[in-house]
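If you read the sequence shown in our numbering, its first letter stands for residue 338, the second for the next number, and so on.
Even for Gly, the Cβ is constructed at its ideal location relative to N, Cα and C.
Quantities reported herein were computed from a predicted structural model and do not represent experimental measurements.
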Amino acid sequence: MQKIVLNGITWGHSRGITPLLAVSQRYSELYPNVEIRWKKRTLQEFADFPIEELTKEYDLLIIDHPWVGCADATNCVLPLNEYIAADYLRDQQENSVGLSHISYNYNNKQWALAIDAATPAASYRKDLLSDVPQTWQDVIVLAKQGKVAVPAIPIDLLMNFYTFCIANGKEPFQNEEEVIDAATGILAIETMKELYSVVDKKMFSCNPIAVAELMSTTNDYYYCPFAYGYSNYARKGYAQHLLHYTDVVAFNGKKLRTTIGGTGLSVSAFSKHKEVAVDFAKMIVSGECQRTMYVQHGGQPGHRSAWIDPSANHLTNYFFTQVLPVMDNGYMRPRYNGYLHFQDHAGDPLQQCLLHDTDPQKALDAMNTIYEQSLAKQTALTA
Numbered sequence: 338m339q340k341i342v343l344n345g346i347t348w349g350h351s352r353g354i355t356p357l358l359a360v361s362q363r364y365s366e367l368y369p370n371v372e373i374r375w376k377k378r379t380l381q382e383f384a385d386f387p388i389e390e391l392t393k394e395y396d397l398l399i400i401d402h403p404w405v406g407c408a409d410a411t412n413c414v415l416p417l418n419e420y421i422a423a424d425y426l427r428d429q430q431e432n433s434v435g436l437s438h439i440s441y442n443y444n445n446k447q448w449a450l451a452i453d454a455a456t457p458a459a460s461y462r463k464d465l466l467s468d469v470p471q472t473w474q475d476v477i478v479l480a481k482q483g484k485v486a487v488p489a490i491p492i493d494l495l496m497n498f499y500t501f502c503i504a505n506g507k508e509p510f511q512n513e514e515e516v517i518d519a520a521t522g523i524l525a526i527e528t529m530k531e532l533y534s535v536v537d538k539k540m541f542s543c544n545p546i547a548v549a550e551l552m553s554t555t556n557d558y559y560y561c562p563f564a565y566g567y568s569n570y571a572r573k574g575y576a577q578h579l580l581h582y583t584d585v586v587a588f589n590g591k592k593l594r595t596t597i598g599g600t601g602l603s604v605s606a607f608s609k610h611k612e613v614a615v616d617f618a619k620m621i622v623s624g625e626c627q628r629t630m631y632v633q634h635g636g637q638p639g640h641r642s643a644w645i646d647p648s649a650n651h652l653t654n655y656f657f658t659q660v661l662p663v664m665d666n667g668y669m670r671p672r673y674n675g676y677l678h679f680q681d682h683a684g685d686p687l688q689q690c691l692l693h694d695t696d697p698q699k700a701l702d703a704m705n706t707i708y709e710q711s712l713a714k715q716t717a718l719t720a
């Protein structure tokens, strides 16, 4: 029997690669004529190289949900609702972690399965901090003491900008004229300035992984108010010091709504072995695999049954039950074809504003220009 080789592309953190390797190894043991090879790239490499180009080289692709508008426009990955039984997809929907499953459904087609779920959540060092912040004011007090770490690279600032627009009364992207009305946008940026003006400037070069590493390898920082969670750091033996994850704080009496991330698993429309690739996808995203092999090998499952599983929570010091309310309250980003242009660039003027304490209106104007460009790209791409 001729050997079937599937090539997959993912991102290079333990959360993103290790569980794929483990389940792929098991799949090959069950089906000896199938070999699944994974290549890892940095998150920046994913941003810099169009995923639609990667579909020509790889059978299996780990994607970010805002890309599904492009998938729908280009048909470069399979609409999985045409390849997977309705009862399987119903189980995925019923066991979604927040909006994870539906985030990969666009124009009534399922372009990926939610293999991984994440959203910014709070984390802290239990051995150093006994009084965990409960309100935004508590966060600012701790930040002024120099004990708060928080990601402040452009993409993370942009995700938090959405959060603070919502916290100040309105969701962004409600019309095609502006990202958010000026009053709400300025309030959001001014709120963010309260925090980012007092944290260590090194945070402006830190992503969530860098913050987790800082907090778990030094005693310099006790608390992070919001960063995309990594259950790896909540597991004994992964890092020098254990991180504990918890709910985000309240702002004006309401819990912050953070911007969901996570990843989905897509199958290339150019794959020569579509049926095998879909079969593997069904295995690794199934509840049984997600709450056992997947989480046991460092994964952060997209299937709800894993998030409420006692063994998974014992393994991660209750990361999943602590973060689940944040996931269920999460905000889903736009997914129109062209949005990724906005996501790739709109964080830059926001970072400059927060880093150098410049006029929020100028930052908003620049963001609105980028928004217009993204909508124009949508029109051009679909024309």
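- In the three-state DSSP reduction, Ser-711 falls in the helix class (H, G or I).
- Across the set Thr-347, Gln-637, Thr-555 and Ser-623, the C-alpha of Ser-623 shows the shortest separation from the C-alpha of Arg-427.
- With fewer than 16 other Cβ atoms from the protein chains shown falling within 10 Å of its own Cβ, Leu-367 counts as exposed.
- Within the stretch 539-583, the complete beta strand (DSSP E) segments at least 3 residues long are 560-565 and 581-583, listed from N- to C-terminus.
- Secondary structure at Asp-401: coil, using DSSP grouped into helix, strand and coil.
- Val-434 and Leu-687 have their C-alpha atoms spaced approximately 30 Å apart.
- Note that the C-beta distance between Arg-594 and Gly-667 is below 8 Å.
- Distances from the alpha-carbon of Gln-339 to those of Leu-397, Thr-521 and His-610 put His-610 closest.
- Judged by DSSP in its simplified three-state form, Lys-507 adopts coil rather than helix or strand.
- The beta carbon of Ile-490 sits closer than 8 Å to those of Phe-541, Ser-542, Cys-543, Asn-544, Gly-684 and Gln-688, all from its chain and outside the five residues before and after it, given in chain order.
- Per DSSP, reduced to three states, the secondary structure at Gln-680 is helical.
- If the five residues before and after Ala-703 are omitted, its C-beta is found closer than 7 Å to the C-beta atoms of Pro-686, all from its own chain and listed in chain order.
- As a beta-bridge residue in DSSP terms, Ala-587 pairs with Thr-472 and Lys-592.
- Annotation for Ser-365: the continuous alpha helix (DSSP H) segment containing it runs 351-367.
- Going by beta carbons, Gly-345 and Ile-373 fall inside the 8 Å limit.
- Rounded to the nearest angstrom, the gap between the Cα atoms of Pro-416 and Leu-465 is 48 Å.
- Taken through DSSP and simplified to helix, strand or coil, Thr-347 comes out as strand.
- Residue state for Val-414 is assigned as strand, using DSSP reduced to three classes.
- Remark: C-beta atoms of Thr-583 and Gln-659 approach each other more closely than 8 Å.
- Annotation for Glu-513: Leu-712 place their beta carbon closer than 7 Å to its own, counting only its chain and skipping 5 residues before and after.
- Of Ser-460, Gly-675 and Leu-391, the smallest CA-CA separation from Ala-564 is found for Ser-460.
- In this structure, Leu-494 sits near Leu-691, with a CB-CB distance shorter than 8 Å.
- Relative to the Cα of Arg-462, the nearest Cα in the group Asn-497, His-578 and Tyr-443 belongs to His-578.
- Look at the beta carbons and you see the stretch 639-657 not touching the stretch 393-405: under three pairs across the two are nearer than 8 Å.
- Annotated three-state conformation of Thr-600 is strand, per DSSP.
- Spanning the alpha carbons of Tyr-575 and Asn-569 requires a straight line of approximately 6 Å.
- For Leu-391, the enclosing alpha helix (DSSP H) begins and ends at 388-391.
- With a threshold of 16 other beta carbon atoms within 10 Å, Phe-679 meets it and is buried.
- For Lys-619, the uninterrupted alpha helix (DSSP H) segment begins and ends at 611-622.
- The beta carbons of Ile-341 and Val-360 sit no closer together than 8 Å.
- Just measuring C-alpha positions, the residue of Ala-606, Gly-675 and Leu-701 sitting nearest Ile-517 is Leu-701.
- The shortest CA-to-CA distance from Lys-393 to any of Asp-681, Gln-471 and Ala-606 is the one to Ala-606.
- Beta-bridge annotation (DSSP): Asn-444 is not paired with any residue.
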